[in-house]
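Student: Protein sequence lines correspond, in order, to chains Y and S. First residue of the first sequence: 1, per the UniProt record's numbering; consecutive thereafter. First residue of the second sequence: 1, per the UniProt record's numbering; consecutive thereafter.
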Amino acid sequence: MNRPPAPPAVLHTPGFAHYSAAWSPFHNTRLAVASSANYGLVGNGRLHLASFGAGPGGMPGLSLDKFYETQDGLYDLAWSETHENQLVTASGDGSLRLWDIMLNDLPIRAWQEHTREVFSVDWSNIQKDVFISSSWDGTIKLWSPDRLHSITTLQAHTACVYQALFSPHQPDVVASCSTDGTVKIFDLRSPSYVPSGPNVNNFTKPLLAAALTIPASGTEILSLDWNKYRPWLIASAGVDKVIKVWDCRMVKIGPEAAQTPAVGGICETQFVGHEYAVRKVQWSPHRAGLLASASYDMTCRIWTTNQTLNGTHLLYIHDPHTEFVMGCSWSLYDEGFLASCGWDCKLNVFRPML
Amino acid sequence: MERVRQLASHLTSASSKDAAALQRKSPDDVVITMAVRSPLCKAKKGGLKDTRSDELMTEMFRQAIARSAIDPALIGDITVGTVLSPSATYEARAAALAAGIPESVPVQTINRFCSSGLMAVTDISNKIRAGQIQVGLALGVESMSQNPDSGGPPPSEEIKAHPAARDCTMPMGWTSENVAGDFNISREDMDEFAAMSFQRAERADKAGYFTHEIVPFTAFVNDPTTGERTKKVITKDDGIRQGTTKEGLLKVRPAFPQWQPARTTGGNASQITDGAAAVLLMTRRKAEELGLKILAKHVTTSVTGLAPRIMGIGPSLAIPMVLSQVGISKDDVDLFEINEAFASMYVYCVRTLGLDPEKVNVNGGAIALGHPLGCTGARQIATGLNELARRNGKILVTSMCIGTGMGAAAVFVRD
Chain Y
1 MNRPPAPPAV LHTPGFAHYS AAWSPFHNTR LAVASSANYG LVGNGRLHLA
51 SFGAGPGGMP GLSLDKFYET QDGLYDLAWS ETHENQLVTA SGDGSLRLWD
101 IMLNDLPIRA WQEHTREVFS VDWSNIQKDV FISSSWDGTI KLWSPDRLHS
151 ITTLQAHTAC VYQALFSPHQ PDVVASCSTD GTVKIFDLRS PSYVPSGPNV
201 NNFTKPLLAA ALTIPASGTE ILSLDWNKYR PWLIASAGVD KVIKVWDCRM
251 VKIGPEAAQT PAVGGICETQ FVGHEYAVRK VQWSPHRAGL LASASYDMTC
301 RIWTTNQTLN GTHLLYIHDP HTEFVMGCSW SLYDEGFLAS CGWDCKLNVF
351 RPML
Chain S
1 MERVRQLASH LTSASSKDAA ALQRKSPDDV VITMAVRSPL CKAKKGGLKD
51 TRSDELMTEM FRQAIARSAI DPALIGDITV GTVLSPSATY EARAAALAAG
101 IPESVPVQTI NRFCSSGLMA VTDISNKIRA GQIQVGLALG VESMSQNPDS
151 GGPPPSEEIK AHPAARDCTM PMGWTSENVA GDFNISREDM DEFAAMSFQR
201 AERADKAGYF THEIVPFTAF VNDPTTGERT KKVITKDDGI RQGTTKEGLL
251 KVRPAFPQWQ PARTTGGNAS QITDGAAAVL LMTRRKAEEL GLKILAKHVT
301 TSVTGLAPRI MGIGPSLAIP MVLSQVGISK DDVDLFEINE AFASMYVYCV
351 RTLGLDPEKV NVNGGAIALG HPLGCTGARQ IATGLNELAR RNGKILVTSM
401 CIGTGMGAAA VFVRD
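1. Just to confirm before moving on: does the CB-CB distance between D247 of chain Y and E268 of chain Y stay below 7 Å?
2. Is it buried or exposed for S143 of chain S, if we count other Cβ within 10 angstroms and need 16 for buried?
3. Since E117 of chain Y meets chain S, which of its residues come closer than 7 Å, beta carbon to beta carbon?
4. Please check the pair V278 of chain Y and T299 of chain Y, which I expect to be a contact at CB under 8 Å, by giving their CB distance rounded to whole angstroms.
5. Contact criterion: CB-CB distance below 7 Å. Does A277 of chain Y meet it with respect to chain S?
6. May I ask which residues mark the beginning and end of the alpha helix (DSSP H) holding D187 of chain Y?
7. Let me make sure I understand the geometry here. Which of Y:L212, Y:A237, Y:L207 has the alpha-carbon closest to that of E220 of chain Y?
8. Could you confirm whether any beta carbon from chain Y is found closer than 7 Å to the beta carbon of I395 of chain S?
9. Answer yes or no: do I110 of chain S and S116 of chain S have a C-beta to C-beta separation smaller than 7 Å?
10. Looking at the unbroken beta strand (DSSP E) that takes in Y19 of chain Y, where does it start and where does it end?
11. Taking S217 of chain Y as the reference, give the member of Y:A235, Y:P231, Y:S80 with the closest Cα.
12. In three-state terms, what does DSSP make of N222 of chain S?
13. Provide the residue(s) that pair with S207 of chain S in DSSP beta bridges, ordered along the chain.
14. For residue 360 of chain Y, tell me which candidate among Y:V251, Y:H149, Y:T305, Y:S133 has the shortest Cα-Cα distance.
15. Can you list, in chain order, the stretches of the beta strand (DSSP E) that have 3 or more residues and sit fully within the UniProt domain "Thiolase C-terminal" (292-413) of chain S?
16. Taking 7 Å as the threshold (beta carbon to beta carbon), is T213 of chain Y in contact with chain S?
17. Can you tell me which of S:L353, S:P39, S:V4, S:K25 puts its alpha carbon nearest to the alpha carbon of H371 of chain S?
18. Between L208 of chain Y and chain S, is any beta-carbon pair separated by less than 7 Å?
19. Once DSSP output is grouped into helix, strand and coil, what is the label at V215 of chain S?
20. Residues of the stretch 133-145 of chain Y with a CB closer than 9 Å to any CB of chain S: list them in chain order, please.
21. Leaving out the 5 sequence neighbours to the left and right, which residues in its chain are closer than 7 Å to V347 of chain S when beta-carbon positions are compared?
22. When the Cα of P153 of chain S is compared with those of S:H162, S:Q146, S:R166, S:Q132, which residue comes out closest?
23. On the CB-based measure, 16 or more other CB atoms within 10 Å of its CB, does L31 of chain Y come out buried or exposed?
24. My understanding is that S270 of chain S touches F336 of chain S, with C-beta atoms under 8 Å, so please give their C-beta distance in whole angstroms.
25. When you compare the CB positions of I78 of chain S and V107 of chain S, do they come within less than 7 Å of one another, or not?
26. Is there at least one Cβ from chain Y nearer than 7 Å to A130 of chain S's Cβ?
27. Does the distance from the CB of D76 of chain Y to the CB of S150 of chain Y come in under 7 Å?
28. Per DSSP, which residues does N348 of chain Y bridge with? Please list them.
29. Could you give the distance in angstroms between the alpha-carbon of M34 of chain S and the alpha-carbon of P320 of chain S?
30. Please determine, among Y:A159, Y:D187, Y:W111, Y:S167, the residue with the shortest C-alpha to C-alpha distance to I126 of chain Y.
31. Less than 7 Å separating the beta-carbons of E59 of chain S and F217 of chain S?
32. Could you check whether W330 of chain Y and P285 of chain Y sit closer than 7 Å to each other, using their CB atoms as the reference points?
33. Rounded to a whole number of angstroms, what is the C-alpha to C-alpha distance between R309 of chain S and I214 of chain Y?
34. Looking at the structure shown, is Q271 of chain S part of a helix, part of a strand, or coil, going by DSSP?
35. Would you verify that the beta carbon of L233 of chain Y is, or is not, closer than 7 Å to some beta carbon of chain S?
36. In terms of alpha-carbon separation, which member of Y:H27, Y:S176, Y:A17 lies closest to Y333 of chain Y?
As structure tokens, this is what we get:
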């Protein structure tokens, strides 16, 4: 943090506040941004496609390639792991749309099953033919781009599910986080249901039993991520402003999980520093202990699980954003490059000096 | 519009993580609908001396069911905090059944020494918060008449060779002298606080404050000549010494002359006592469905560790920890219940934390009422919530030091 940081490459999309950005897993310069008019509170949305490359004067720059209009705000997107030109978006009207960026204007497929805002989508990088969505209706849905309807629906929480992500290590294992303050791990291969009781109607609304429930916070958990190097290590963050790193190796998956739904998770490290709610966390794809976070405090921060020399976990603060930062995404190809985006309608790409 | 409200909640609860935020109500809150206790009676001499620990549990279960106003079959789990009984889980399970709780309701015991009653409440609360159960019962029980505290087993060679580990095997009185010596707590200050505890308890007892938290308890009485056992209902604490003054306490001889500075006495340490307490917890959703009066919600519990040789100062670490966890300051708290294991730690904690003595143990504490180890953590909740309602306060913090070097604290918000 000694040298002054180089200014980020910026893409401004006036009128459209960003909710999420993601780098293509196929092309090292390609980025997509999910955005919404009126800060996503009401009105339409826009999917932006951008390129990161040499700009004027040889400095790295961002350019807008094209965009797609949608009827309602977009909150998240996920690139296909099988098809280099395809990606799926999550929308405020409960719909999911699959886009082919070689085509113009319209999606190639749309699904309308969620009954409230879809807040996250994630494509499996183990079984590359499926993706999941999570919604404020409390469910997680599993989809295949080839099928007209969802493959399965998990009644995961009784409140908003802000994010659901496939494990990068175990097929069919999904983690989710919710308004209810928990992070849950589900094993899709051995679904079991919370037993019926006075307040549980399993006949019409079976609540899926989690393999592990982590009571992560007394307030809403807005984001989580699986560590890319250490299986069963999960970061969670949300309204309590604290990023927590959970060791979940005590989880039992497979048939055992169905018998003994566990509660636990060991909080290994806490990253304290954000001044408002943390909206997004993502582990580095290149370094095991490195984590990026985006927050309502208008900063994007880089943390390490190893303490730095001055005794903290904080490595870097990116603060050019002038509004809430809603998304951040590590480049999959160029180590150390990070994209951040937010309600200032700006996509920033920068390389934090660590 | 629902979407705006949902997104706004990310900021409102973040920017106002304070006493106001703490009082917000949610159907997922873990709430207390009942917190009661037995009379606290002097071990070996008092009203519960002939009542075995399993009989204490049975009677506490029976009273809890009677007071709970719910079908006991709704209880998803029971945790009993108890320290000294060598076969606590046998006793607890059998006592629950004998008291009429259906066999479908499971029971476990928990032991973190003097915090066991609070740990039982915390354990049930966490199970409810995680969605494993909707309703749970927590008990704290101790018969120090039947199970005197005779310390731990002789330590291994490795433990003997480790300074802090070795300290874990030392008697609690030694840790009290360490606190008094290390932090210059004078005998006068200790006896002043101890006398205050007696005077406050005496006043509260005479004013009838405790009648709202004490359930009439059926105890056994052994006839020393015939060995015949009869039953008797007791309703009053019997450890409160009437008319106790600081001057009187100053005359009491040191209890531990072998350890310097020898300021701890029988008058300024917690009494050895028998007692039980019960706390019923459930989600706010369930309490409303059952139409029960909600006393308070349990927000969270913090536990920390420290050097065993000065275990008494545990609350001075645990209280700031739990306050920062929930985002409030000591000034937001209306009432503290800090367990008076010894006056040395009591004086130290109140001074170090800068607490207003008028907010701490206002109806006396363990020096006057007694400290049945496993019971205390649950007993403090019954006493604290009762007083909070009386003075129309909002936030209660209970805390205690824990032998072998730990401290615990919990936050409750009255509904």
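Heads up, the beta-carbon is just placed ideally off N, CA and C, and yes, glycines get one too.
Tutor: On the basis of the data shown:
1. Against a cut-off of 7 Å, the Cβ pair of E268 of chain Y and D247 of chain Y comes out as a contact.
2. By the Cβ-count criterion, S143 of chain S is buried, with 16 or more other Cβ atoms from all chains shown falling within 10 Å of its own Cβ.
3. Using a Cβ-Cβ cut-off of 7 Å, E117 of chain Y is close to R3 of chain S, given in chain order.
4. About 10 Å separates the two Cβ atoms, so there is no contact after all.
5. Chain S, which has a Cβ nearer than 7 Å to the Cβ of A277 of chain Y, makes this yes.
6. Judged by DSSP secondary structure, D187 of chain Y falls outside any alpha helix (DSSP H) and instead within the beta strand (DSSP E) spanning 182-187.
7. If we check each option's Cα against that of E220 of chain Y, Y:A237 comes out closest.
8. No, I395 of chain S lies away from the interface with chain Y (no Cβ there is under 7 Å from its Cβ).
9. Going by C-beta atoms, I110 of chain S is nearer than 7 Å to S116 of chain S.
10. Unbroken beta strand (DSSP E) run through Y19 of chain Y: 16-23.
11. Nearest C-alpha to S217 of chain Y: Y:A235.
12. In the structure shown, the three-state DSSP call for N222 of chain S is strand.
13. Reading the sequence as shown, one finds Ala at residue 207 of chain S and not Ser. According to DSSP, which records beta bridges pairwise, A207 of chain S is partnered with nothing at all.
14. It is not possible to answer for residue 360 of chain Y, since the shown part of chain Y is limited to 1 through 354.
15. Runs of the beta strand (DSSP E) inside the UniProt domain "Thiolase C-terminal" (292-413) of chain S: 296-305, 335-338, 395-402.
16. Closer than 7 Å to some Cβ of chain S, the Cβ of T213 of chain Y qualifies, so yes.
17. The residue with the shortest Cα to Cα distance from H371 of chain S is S:P39.
18. Between L208 of chain Y and chain S, the shortest Cβ-Cβ separation is not below 7 Å.
19. Here V215 of chain S sits in coil by DSSP.
20. For the stretch 133-145 of chain Y, which is checked against every Cβ of chain S, the residues closer than 9 Å are W136.
21. Cβ neighbours of V347 of chain S beyond the five flanking positions: I185, D189, M190, F193.
22. Of S:H162, S:Q146, S:R166, S:Q132, the residue nearest in Cα terms is S:R166.
23. By the neighbour-count rule (16 or more Cβ atoms within 10 Å), L31 of chain Y is buried.
24. That pair is no contact at about 16 Å.
25. The beta carbons of I78 of chain S and V107 of chain S sit closer together than 7 Å.
26. Interface with chain Y (7 Å Cβ-Cβ cutoff): A130 of chain S is included.
27. No, Cβ-Cβ distance for D76 of chain Y and S150 of chain Y is not below 7 Å.
28. Bridge pairing for N348 of chain Y: Y:V10, Y:S340 [DSSP].
29. Their Cα atoms are separated by approximately 27 Å.
30. Ranking the options by Cα distance to I126 of chain Y, first place goes to Y:S167.
31. Against a cut-off of 7 Å, the Cβ pair of F217 of chain S and E59 of chain S comes out as a contact.
32. A Cβ-Cβ contact shorter than 7 Å links P285 of chain Y with W330 of chain Y.
33. For R309 of chain S and I214 of chain Y, the distance between alpha carbons rounds to 34 Å.
34. For Q271 of chain S, the secondary structure class from DSSP, reduced to helix, strand or coil, is coil.
35. Under the Cβ distance rule, L233 of chain Y does not count among the residues neighbouring chain S, no pair being separated by less than 7 Å.
36. Checking every option, the nearest Cα to that of Y333 of chain Y belongs to Y:H27.
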